[in-house]
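Notes to accompany the following structure.
Number of protein chains: 2
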Amino acid sequence: MDTIIRINVGASGGPKADKEPIGKYVGFGGRAMTAAMVHDEVPPQCHPLGPENKLIIAPGLLTGSAASTSGRLSVGCKSPLTGGIKESNVGGMAGQYLGHLGIAAIVLEGNPSSETLYKVIITREGVSIEPDDDLRMLTNYELCARLKKIHGSTVAVISIGPAGEMGLSNSSVAVTDAHFRPTRQARRGGVGAVMGAKHIKCIVIDPAGTTIREPADPERFETANRKFIDGLHRHHITGHDLPQHGTNVLTNLIDGAGSYPALNFRHGRFDGTPSIDGYAMELLADARSESTTCSDSCFKGCSIQCSAQYLDKDGNFLSKRPSYQTIWAHGANCGIDDLDVIARLDFMDDDFGFDSIEMGVAIGLAMDAGVIEFGDAEGAIRLLKEAGRGTPMGRILGSGAATVARCFGLERAPVVKGQAMPAYDPRSVKGIGVTYATSPQGADHTAGYAVAPNILKVGRDIDPLGIEGQIDISRNLQIATAALDATGYCLFVSFAILDQPDTFDAMLATINGMFDLKLTGRDIVELGKLVLRMERAFNEKAGFTKFHDRLPMYFSREPLGPHNTTFDIPDKDLDLVHQY
Amino acid sequence: MDTIIRINVGASGGPKADKEPIGKYVGFGGRAMTAAMVHDEVPPQCHPLGPENKLIIAPGLLTGSAASTSGRLSVGCKSPLTGGIKESNVGGMAGQYLGHLGIAAIVLEGNPSSETLYKVIITREGVSIEPDDDLRMLTNYELCARLKKIHGSTVAVISIGPAGEMGLSNSSVAVTDAHFRPTRQARRGGVGAVMGAKHIKCIVIDPAGTTIREPADPERFETANRKFIDGLHRHHITGHDLPQHGTNVLTNLIDGAGSYPALNFRHGRFDGTPSIDGYAMELLADARSESTTCSDSCFKGCSIQCSAQYLDKDGNFLSKRPSYQTIWAHGANCGIDDLDVIARLDFMDDDFGFDSIEMGVAIGLAMDAGVIEFGDAEGAIRLLKEAGRGTPMGRILGSGAATVARCFGLERAPVVKGQAMPAYDPRSVKGIGVTYATSPQGADHTAGYAVAPNILKVGRDIDPLGIEGQIDISRNLQIATAALDATGYCLFVSFAILDQPDTFDAMLATINGMFDLKLTGRDIVELGKLVLRMERAFNEKAGFTKFHDRLPMYFSREPLGPHNTTFDIPDKDLDLVHQY
């Protein structure tokens with residue numbers, strides 16, 4: 057991976073692609089690459105949809121190698137949703153194939169002077185950019201069906217749906233999975249709108265003639281990788297829970313802990329949880345088809361296999377198996393306890409190109425405003441259709457939770473830096489509240505998953521209702537995650553590497569075997585700090601201060617049942633998170 | 057004026073009013089009072105619609121006295137539109153009557169626990185708060201008609217229309233004029249939504265049994281006031297242009313200077329200017345009724361009389377004479393060259409309770425997005441009706457220009473700190489660009505009217521297309537304006553006091569006569585600095601930095617015809633504005 061592809065859509069005479077050597081970015085991958093390039097090349101004051109913004113698409117350091125569960129791809133830019141730096145991390149096949157092609161990053165830059173929509177095709181031979189206005193406003197599934205006829209299904213596709221074309225602040229970049237379905241989405245922060253502003257509808261990545269990346273020290277690499285895979289299989293979460301239930305294994309755990317934000321963050325438990333949790337989904341799947349329960353991976357070469365297909369009552373594909381976050385966002389947060397409805401909404405999010413978290417919170421706010429009632433499943437489907445069509449109501453929803461709150465005069469918007477909170481209420485999992493508040497990414501559970509030590513008791517055991525230890529745990533997890541997001545490893549390996557020191561060592565040895573290096577745990581920590589420092593430096597010049605590292609005030613005022621706790625981590629403590 | 061009325065709408069048992077002595081705020085009035093109270097009492101991190109925000113309504117220091125043209129009222133809070141501190145300044149009769157009643161400020165605080173809407177009545181005897189859900193969603197004109205039947209027209213009313221009740225970020229606080237019409241609006245920054253969040257539909261101010269405020273040194277006061285009035289009559293702008301044409305006298309001047317932002321800030325001149333400028337309006341008025349051209353004042357005791365009635369072709373009242381800003385916002389900015397349409401839109405803004413600047417820019421953006429065509433007068437009327445009704449499209453528009461841009465994926469939003477720019481393009485009146493960028497209020501021409509020295513050649517003569525002198529002139533005008541907004545004098549006296557030293561001296565002597573003081577020009581400057589420092593201190597804790605003191609990047613990239621200039625004042629110079 058020693059090549060950067062730069063596509064200037066604003067070039068005179070039309071979009072132009074150039075290849076350049078990786079140069080000073082050697083050793084950077086994934087989130088480290090996107091953070092560094094956004095930090096170095098994007099003026100922090102620019103408008104996210106303006107020509108000065110860039111979209112950086114970068115596979116992780118190990119992506120495309122045989123390292124298990126390491127196929128992640130980072131999509132970075134100045135975020136249309138938050139106004140700060142954004143890295144949105146996605147699985148699927150595109151990262152792997154970019155790795156095979158030796159491409160360390162694709163940079164989309166400039167803004168086109170015409171309305172023409174483009175398709176980019178990347179092969180071993182080079183890059184071609186074709187105008188194709190027939191693709192306009194196709195959904196991601198429609199687009200993939202069309203591309204399949206032309207390119208077959210041995211390519212990978214990075215694309216935007218109507219949401220990205222419309223420039224909506226909640227719009228994702230979709231990536232095809234191992235079944236050539238656009239179920240994998242770099243979904244947070246509106247990265248799709250930046251791709252839309254560049255008028256790039258899709259990037260087709262054809263790995264024909266390429267092979268998996270070779271490690272520099274094959275023996276060391278393979279030995280370590282085997283140990284790492286053993287570790288993943290050994291840990292109950294990565295070896296059993298995630299393959300069996302997907303992330304939905306969390307639903308009754310978090311509900312039981314009273315940290316499951318129901319009905320727009322008004323309660324910490326949801327009455328309908330038994331109808332939507334992992335067991336409910338398993339029973340439903342068993343009744344419908346044996347194959348439904350078969351776990352599956354979003355990219356080839358994953359040893360966790362947290363994905364699956366979700367079939368309807370007639371055995372037809374309805375969506376990928378929805379994640380914990382989606383089941384919460386469209387379910388508990390909206391008072392909807394019907395998994396078929398949730399799966400349908402999940403499909404629509406992938407199809408139009410919306411982040412399901414942001415969309416679920418947006419619809420929950422619309423319910424709070426009285427647009428439809430909580431629990432109105434048909435109403436939720438209707439609203440999401442409007443978002444995909446771009447009606448005025450749809451544009452409000454598609455612009456994210458903060459915009460719904462603004463347009464309907466609501467105070468209670470669960471957002472930080474303009475981005476909606478995920479499925480953990482910060483009043484009863486205070487560690488994740490610290491991450492929501494202080495991550496440069498806005499409210500994001502994946503930026504420092506303090507739920508692990510707070511509730512799952514992975515790594516450490518910290519009282520989720522207490523203040524003690526939360527700052528340290530969030531800091532350490534934010535640093536570790538920033539590094540992990542650079543490697544290409546999936547965040548889900550964290551459960552095994554936090555609990556099992558030998559699995560962490562095996563991961564490190566795999567990296568060292570890949571590059572013939574002698575990195576230590578300390579080097580990984582330093583990489584994480586570097587990424588966060590670059591992200592925060594960008595954000596500072598974009599206008600963020602410590603006063604943006606706060607939760608909305610109502611989380612400190614309004615107690616959450618059943619524990620009746622508020623978020624009471626002092627501001628001065630929050631200011632210590634990034635002291636490292 | 058030694059009493060503060062505090063209305064806590066969140067008190068247990070329902071809203072409760074208390075009177076308290078002015079205490080430490082003695083010597084503060086208008087913008088100085090609102091800035092100080094917001095600075096001292098509102099947590100900068102709070103949500104503008106949350107219970108921690110307060111709405112402060114404060115007459116100027118001289119308001120309610122016989123000092124000519126000094127009846128202004130300040131409305132302050134944390135702004136729902138900008139997220140920073142806000143002072144919105146308004147004429148009308150309410151300020152005068154509050155002065156007569158000896159009330160230095162009304163403070164609305166807390167948030168009510170029920171949905172009940174309230175009417176507040178303030179008389180010499182005290183304050184009563186009456187629940188009145190029949191007032192819900194009445195427009196300002198409908199409300200005044202109803203209140204007139206109960207209270208007569210010798211009271212003044214401070215009210216919100218549907219926009220404020222809906223919590224929209226562009227919503228004004230209306231004040232009745234000398235004809236008991238709600239034509240005077242504290243219109244910028246969404247102050248109406250804060251009043252709406254408090255569920256106060258209106259405040260009726262009954263001055264029965266009170267009289268004009270007596271000066272401490274009547275002879276000094278009266279002598280000075282007479283000289284001041286002479287000065288206003290002597291200056292061509294305050295003595296002739298404003299009474300004759302209203303502020304619309306500016307239209308062909310600014311268009312001629314190439315600084316008149318047409319079609320969503322795409323051009324510096326508007327083809328339709330001859331149909332909407334001051335002369336066109338005068339001709340139309342002459343043809344329709346002699347009385348139309350009669351100038352009028354927004355409150356009793358003004359020597360400028362820039363207002364008038366605008367009659368339709370049948371001689372019926374259509375609106376107040378629309379201001380330069382409104383004629384631009386709904387006219388040139390939207391490609392509409394029909395004064396009757398503009399007057400109708402002006403009436404609708406007043407009636408629903410919208411800021412016409414923000415609304416005109418919002419509609420211009422909707423035109424740019426293709427919702428309707430530029431120049432579509434019927435379409436603009438339809439959109440404004442939707443805003444008043446609160447349809448989804450209406451809520452987008454009613455949330456302000458930045459929200460329209462967000463929902464339609466547009467980069468080119470002419471806003472600073474979330475507030476729409478008024479009728480001067482900063483690329484060809486660079487001094488006003490400095491004020492837009494650096495005012496704590498967001499883009500606001502009244503915060504430091506550099507158009508005066510740049511184009512009108514009042515006070516000084518600075519090249520509007522040049523960089524030189526712009527920082528100093530904006531700084532000095534921002535300081536002077538902050539002080540003037542504290543006195544209760546109308547900003548329009550600036551023309552006379554900047555050009556005529558003896559008129560400035562007369563104004564100062566009037567203030568000194570009122571309070572038996574020996575203030576000098578330096579004291580006025582220090583007052584202005586104090587106000588700005590309080591505002592900026594609040595904003596800093598609300599999360600604003602020097603990086604928010606910038607114009608959108610496209611103003612530096614996209615040249616504006618006919619001069620083909622960009623906004624090129626260096627950032628480092630902008631950072632010097634508030635060094636004093």
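Protein sequence lines, in the order shown, are assigned to chains V and B.
All residue numbers for the first sequence refer to the working numbering, where the first residue is 57 and numbers rise by one.
All residue numbers for the second sequence refer to the working numbering, where the first residue is 57 and numbers rise by one.
For each residue, glycine too, the CB sits at the ideal point set by N, CA and C.
Where V/TYR366 is concerned, there is no enclosing alpha helix (DSSP H), although the beta strand (DSSP E) around it starts and stops at 365–367.
Between V/ALA219 and V/PHE408, the gap from beta carbon to beta carbon is short of 9 Å. Taking one beta carbon from each stretch, the region 475–493 of chain V and the region 380–399 of chain V have 3 or more pairs nearer than 8 Å; the two touch.
By the 16-neighbour rule on beta-carbons within 10 angstroms, V/SER495 is buried. Per DSSP, the unbroken alpha helix (DSSP H) holding B/CYS200 starts and ends at 196–207. The C-beta of B/GLY599 comes closer than 9 Å to at least one C-beta of chain V. Between the C-alpha atoms of B/GLN101 and B/PHE600 there is a straight-line separation of about 11 Å.
A direct Cα-Cα distance of roughly 18 Å separates B/HIS235 from B/ILE216.
Only those residues of the region 608–620 of chain V whose C-beta falls short of 9 Å from the nearest C-beta of chain B are listed: PRO608, MET609, TYR610 and ARG613.
Assignment of alpha helix (DSSP H) within the region 477–543 of chain V, counting only whole runs of 4 or more residues, yields 486–494 and 526–543 in chain order. Taking C-beta atoms under 8 Å as the contact rule, V/SER315 and V/GLY324 qualify, at a distance of about 6 Å.
Here V/GLY252 carries a helix assignment [DSSP, helix/strand/coil]. Residue environment analysis places V/ARG240 among the buried positions, since at least 16 neighbouring C-beta atoms fall within 10 angstroms of its C-beta. Bridge partners of B/THR232 according to DSSP: none are assigned. According to DSSP, V/GLY132 shares a beta bridge with V/ILE112 and V/GLU143.
Distances from the alpha-carbon of B/MET415 to those of B/HIS103, B/HIS619, B/GLU181 and B/ASN226 put B/ASN226 closest. Residues of the region 165–182 of chain B with a C-beta less than 7 Å from any C-beta of chain V: none at all.
Within 8 Å of the CB of B/LEU105, the CB atoms of chain V belong to GLY465, LEU466 and GLU467, in sequence order along the chain. The region 581–623 of chain V contains, as complete alpha helix (DSSP H) runs of 4+ residues, the segments 610–613 (chain order). In summary, the residues of the region 67–101 of chain B whose CB is separated from some CB of chain V by less than 7 Å are GLN101, in the order they occur in the chain. B/ALA593 and B/VAL94 have their C-alpha atoms spaced approximately 11 Å apart. Residues of chain B with a Cβ closer than 9 Å to the Cβ of V/ARG62 do not exist, since the nearest Cβ in that chain sits about 21 Å away. Per DSSP, the continuous alpha helix (DSSP H) segment holding B/ASP311 begins and ends at 306–312. V/ILE567: member of the alpha helix (DSSP H) spanning 557–571, first to last residue.
The criterion of a C-beta distance shorter than 9 Å is satisfied by V/SER363 and V/ASP233. C-alpha of B/LYS602 to C-alpha of B/CYS133: approximately 21 Å in a straight line.
By the C-beta density criterion, V/GLU165 is buried, having at least 16 other C-beta atoms within 10 angstroms. Residue-level contact check: V/ARG606 touches chain B, since one or more beta carbons of chain B fall below 9 Å from its beta carbon.
With a 10 Å radius around the Cβ and a threshold of 16 neighbouring Cβ atoms, B/GLU97 comes out exposed.
If the five residues before and after B/ASP572 are omitted, its C-beta is found closer than 6 Å to the C-beta atoms of ALA272 and ASP273, all from its own chain and listed in chain order. With contacts defined by Cβ atoms closer than 9 Å, V/PHE284 and V/VAL549 form a contacting pair. Close CB contacts of V/VAL131 within its chain, under the 6 Å cut and outside five residues either way in sequence, are with ILE113, SER144, VAL229, ALA242 and VAL247 (chain order). Residues are counted here when their Cβ sits less than 8 Å from a Cβ of chain V; for the region 422–434 of chain B the count is zero.
A straight line joining the alpha-carbon of V/ALA161 with that of V/THR59 spans about 7 Å.
According to DSSP, residue pairing for B/GLN475 in a beta bridge involves B/VAL472. A Cβ of chain B is located within less than 9 Å of the beta carbon of V/PHE603.
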